[in-house]
Amino acid sequence: MILINWCVVSLFLLISPAFHHVNAVDRNNFKSCEQSSFCRRCRRMKSGESSYELLLDTVSAQDSTVSAQLINAENNVRFSLVLTALKDSSFRLQIDEVLPLKPRYRVEHVLEKTPVESRLEITEKSSNSVTVTAATGVKAVIFAAPFKVDFYNANNQVAVTANQRGLFRFEHQRTKPVPKAEGVEEEGAAAGGEGELRDDAGEDPGAWEENYKSHHDSKPLGPTAVALDFTFPGAEQVYGVPEHADSLALKSTKKTDPYRLYNLDVFEYELDNPMSLYAAIPFVIAQSVSKTVGLFWLNTAETWVDVAGNSDENVVSSIVNYVSGGTKVAQVETHFMSESGILDVFILLGPKPHDVFKQYAELVGTTFLPPYFSLAYHQCRWNYNDQDDVSTVSENFDNYDIPMDVMWLDIEHTDGKKYFTWDPVKFSKPLEMVKNLTDKGRKLVTIVDVHVKRDGGYFVHNDCENNGYYMKNKDGNVYEGWCWPGSSSYPDVLNPEVRDYYAEQYKFDKYLGSTDDVHIWNDMNEPSVFNGPEVTMPKDLMHYGGWEHRDIHNIYGMLFVMSTYQGMLNRGGVADKALAKRPFILSRSGFAGIQRYAALWTGDNAADWGHLAISLPMCLSLAISGVSFCGADVGGFFKNPDQELLIRWYQAGAFLPFFRAHAHIDTKRREPWLFGPEATSLIREAIRKRYMMLPFWYTQFYINNQTGLPVIRPLWAEFPADRNTFTIDNEFLIGDSILVRPVTEQGATEVKVYLPGQSEVWYDMDTYQPFQANGYINLPVGIRKTPVFVRAGSIIPLKLRVRRSSALMHNDPFTFVVVLKENGTAHGNLYIDDGSTFQFLYKKKSLFISLAFENLELSSKFIHKGHHYDTKSKVERVVIVNAPPSITRARATRLKAGQVTDLETSYDSNNILTIRKPDLLMSEEWKITLH
């Protein structure tokens with residue numbers, strides 16, 4: 000008889016490459032709200048039963064804050080309330096226990112800096128309320144009993160009300176109750192798991208310890224949830240709380256689970272679902288035609304968010320009530336529920352979308368300015384076989400005349416899945432491999448995951464074990480879980496010493512075979528633990544400072560990325576920090592602020608049309624929540640795309656900020672030349688369009704870096720008064736001037752495109768055919784066509800000489816496409832620097848150029864005086880769309896030298912004027928005058 004150890008078999012299946020391929024998402028691996036004790040408790044609260052009151056005699060104001068105490072009338076527990084006025088028309092509301100048994104976790108590392116405060120004063124008092132007004136003109140009215148807060152924007156509109164429905168809950172710390180005597184049945188125990196306790200305050204099962212499947216959560220501090228409801232009067236839609244595979248406009252959760260924010264490894268995820276995915280950003284924007292308001296819930300514990308409108312069905316129907324003259328007034332309600340921490344929320348009062356984007360960016364920062372190459376095309380799969388395979392793929396991009404900037408290596412390039420190492424046979428000469436790429440202007444990205452193989456021959460494991468750098472379980476022993484290497488442990492990256500240690504590992508004398516042309520991919524950093532509860536860490540693991548993992552789970556991956564970013568900054572030992580190379584990092588996990596360090600992608604998607612379509616709202620949701628540098632695996636990670644799907648995915652991916660093809664190890668090879676000549680031609684065309692537009696993309700990222708305005712935007716971000724745009728998420732804007740409607744429907748020969756703006760004219764970017772904006776148009780879309788439009792009044796910078804990598808295009812000349820409004824004006828910007836270092840920041844070596852066409856004159860002027868970059872790029876061509884037909888001549892003037900040159904022009908029957916070879920340097924200001 001052969002005895003089979005099924006535990007060993009199960010673990011083998013779990014960590015084998017085929018594991019993810021044969022299993023779609025299993026909902027039974029992940030909790031519902033009903034299976035989560037704190038979510039059950041918070042969600043069962045009924046409107047109007049709030050037991051919290053503000054003690055008006057404790058209210059005091061000083062400088063920018065007003066302080067008071069709250070009391071829970073049911074048990075007389077007191078809480079401190081601090082309301083702070085911030086610059087840019089924002090408020091911060093913080094509530095904590097007055098006398099906690101142990102300090103509660105206050106989030107660190109998320110806010111970019113201490114928020115700048117604004118003076119406020121108490122301007123009115125009554126028997127049940129106090130009004131505070133900030134110097135910025137916004138105000139808050141705090142009501143005592145029942146407790147609630149109305150926040151007014153600068154237009155004196157109530158923008159949001161906290162605790163309108165009385166769902167505020169703050170579970171104070173207390174000692175654990177004595178369990179019932181043995182043999183006494185625990186009423187309702189089945190709801191929370193066998194053997195769980197009910198405390199003396201009548202908490203539901205699971206309040207003090209909780210079971211899920213075979214996993215036990217000891218909950219040493221007991222129930223510590225915080226929750227608060229927010230009502231947005233007049234709002235018609237609410238957006239945000241990424242990451243979810245769902246529509247951009249959030250749906251009512253009255254008949255479903257709430258949206259869950261808990262970073263998890265959910266492979267081949269379901270669509271149209273509020274389940275957690277890899278990132279968790281507790282930020283929402285509520286929108287109406289008259290105002291925009293943002294809300295940032297600063298809590299890194301597991302969080303659930305309920306959404307409701309004026310209807311039991313969905314939020315959209317509240318618009319119908321509003322516009323049809325019904326008696327109901329449009330409004331959206333949200334209910335934030337977190338397992339632990341304090342209540343810390345920012346109210347961003349707009350009043351317009353751009354205002355909210357900037358207010359949010361003031362808190363969590365903007366996207367790092369990416370190195371130029373990272374905006375180009377990336378080629379990846381799990382896994383390229385060896386260094387010869389890498390070289391062959393790179394050469395074939397040249398053979399097929401397809402540009403490509405970055406080759407990627409997944410986990411199989413390592414020595415036994417030990418990160419910072421190379422397979423001694425398959426990748427025995429990494430420096431030679433990197434040089435072969437860099438000789439062509441290309442880069443390499445390698446993967447560094449958070450788990451550490453427990454191997455006595457692995458230096459990282461030995462260092463972490465010997466120095467106490469690993470996460471500990473509740474008993475103080477090193478935690479062991481399972482991931483790709485098998486038995487693994489996890490660094491405690493909340494500890495700054497551990498982050499410094501990891502940063503050190505990126506130095507060239509430690510990570511042998513790496514160079515400053517090798518960039519990093521941090522994956523599995525939710526963290527993913529194959530045999531852990533919900534495929535992640537137990538919540539009662541212990542971190543540096545005595546904090547539980549439950550307190551900081553959603554920031555764990557970002558903390559790891561922070562150490563990677565610091566390590567890449569310092570790895571070369573460059574004395575002059577201005578000359579250090581800008582890092583590129585891709586992360587799967589993220590929280591608010593991750594954009595300061597890394598790009599995100601939408602994780603382990605699948606090769607089907609639904610996953611292609613959902614990539615647009617997923618990236619839009621991240622973009623409006625601060626993370627503009629987003630993309631999806633082109634072609635789908637799982638399964639094998641057919642020719643049409645692959646072509647359409649490249650055409651869509653070329654217009655998302657992060658553009659990478661990636662595939663599972665068990666899929667068929669799918670490099671662009673493997674699907675026949677037609678597919679190769681169409682994919683080449685899509686990638687070449689991306690390269691032509693790189694100057695425009697880079698400029699948008701610079702604008703985002705400076706202002707926080709998203710690189711890609713939903714239509715309502717630019718047209719907030721057009722309610723028809725509020726639910727559109729299958730098209731989007733790049734900046735404020737290019738509209739893209741990717742084809743995401745199988746077999747489509749025609750699509751509907753919504754052109755916003757009552758007085759706008761949009762020009763087809765391929766043909767320059769004008770379309771007057773008046774709602775939806777039907778547009779033919781053969782397999783070559785992706786609808787892309789330029790907004791009249793825009794100037795688009797391009798580079799039309801596409802080479803095999805973006806580095807080889809650095810000094811190439813520019814073409815400016817000037818699309819005139821009917822009044823003969825157009826405006827745009829162009830940003831230029833070296834594309835790789837920090838000289839733009841520390842030595843002012845950059846050019847931010849204002850391009851304007853007015854009064855028959857195109858001018859170039861420097862926005863940042865005192866900045867200079869000695870670019871060799873010139874103006875090669877100017878294409879003026881909707882040009883006056885009377886124009887026959889053009890003259891260029893170099894302003895500094897006073898040199899005047901007559902130019903060659905041509906005019907066609909489509910009102911397009913082309914000016915050739917102006918030969919003007921971009922490093923100088925100039926103008927071109929038409930006659």
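With numbering that gives the first Met the number 0 applied, the sequence shown covers 0 to 930. Each residue gets a CB set at the ideal place from its N, CA and C atoms; glycine is no exception.
- The residues Ala577, Lys844, in chain order, have a CB closer than 6 Å to that of Gln838 in the same chain once the five nearest residues on each side in sequence are set aside.
- The count of Cβ pairs closer than 8 Å, one atom from the stretch 344-362 and one from the stretch 86-95, reaches three, so the stretches are in contact.
- Restricting attention to beta strand (DSSP E) runs no shorter than 3 residues, the stretch 713-788 encloses them at 731-733, 737-739, 749-754, 760-763, 769-771, 774-779, ordered along the chain.
- A residue is called buried when at least 16 other Cβ atoms come within 10 angstroms of its Cβ; Gly652 meets this threshold and is buried.
- Using a C-beta cut-off of 8 Å, the stretch 685-699 makes contact with the stretch 642-662, since at least three inter-stretch Cβ pairs fall below that distance.
- Taking 7 Å as the cut-off, the Cβ atoms of Gln236 and Gln286 count as close.
- DSSP places Gly566 in the helix class (H, G or I) of the three-state scheme.
- Considered as a whole, the stretch 371-415 harbours 386-398 as its complete alpha helix (DSSP H) runs of no fewer than 4 residues, in chain order.
- Contact between Glu856 and Lys916 fails: their C-beta atoms lie close to 19 Å from each other, not under 8 Å.
- Between the alpha carbons of His826 and Leu850 lies a distance of about 6 Å.
- For the options Ala279, Thr698, Tyr690, the alpha carbon positioned closest to that of Gly556 is the one of Ala279.
- In the DSSP secondary-structure assignment, Ala84 is bridged to Phe90.
- Residue state for His518 is assigned as strand, using DSSP reduced to three classes.
- Residue pairing by DSSP places Arg790 opposite Trp761 in a beta bridge.
- Counting along the chain, the unbroken beta strand (DSSP E) around Pro232 starts and ends at 225-232.
- Restricted to the stretch 845-879, the beta strand (DSSP E) segments that are unbroken, complete and at least 3 residues in length are 846-853, 856-861, listed in chain order.
- With fewer than 16 other Cβ atoms inside 10 Å of its own Cβ, Lys45 counts as exposed.
- Beta bridge pairing from DSSP links Thr130 with Glu123, Val140.
- In the structure shown, Gln838 falls within a helical segment according to DSSP collapsed to helix, strand and coil.
- Under the 8 Å Cβ criterion, the stretch 806-821 counts as touching the stretch 865-877, having at least three qualifying pairs.
- Three or more Cβ pairs closer than 8 Å define a contact, and the stretch 332-350 meets that threshold against the stretch 225-235.
- For Ala678, the CB contacts under 7 Å within the same chain, skipping 5 residues up- and downstream, are Gln642, Leu645, Ile646 in chain order.
- With the rule of 3 Cβ pairs closer than 8 Å, the stretch 247-267 does not count as touching the stretch 743-760.
- Contact between Leu558 and His171 is ruled out by a C-beta separation of about 28 Å, above the 8 Å threshold.
- Scanning the stretch 417-452 for uninterrupted beta strand (DSSP E) segments of 3 residues or longer gives 442-446, listed from N- to C-terminal end.
- By the Cβ neighbour-count rule, Leu100 is exposed, with fewer than 16 other Cβ atoms within 10 Å of its own.
- The DSSP-derived three-state label of Ile613 is helix.
- Ranked by Cα distance from Asp438, the first of Asp833, Arg803, Leu840 is Arg803.
- In this structure, Val787 places its C-beta atom within 7 Å of the C-beta atom of Met764.
- A direct Cα-Cα distance of roughly 51 Å separates Lys212 from Gly440.
- Per DSSP, the unbroken alpha helix (DSSP H) holding Arg549 starts and ends at 548-551.
- In this chain, the alpha helix (DSSP H) harbouring Glu361 covers 352-363.
- Residues Thr420, Trp421, Asp422, Pro423 of the same chain have their beta carbon placed closer than 7 Å to that of Asp414, with the five preceding and five following residues left out of the count.
- Judged by beta-carbon spacing, Asp515 lies within the 7 Å limit of Lys580, meaning their Cβ atoms are closer than that value.
- Boundaries of the alpha helix (DSSP H) around Arg40: 36-42.
- Of Val780, Asn909, Ser859, the smallest CA-CA separation from Arg893 is found for Ser859.
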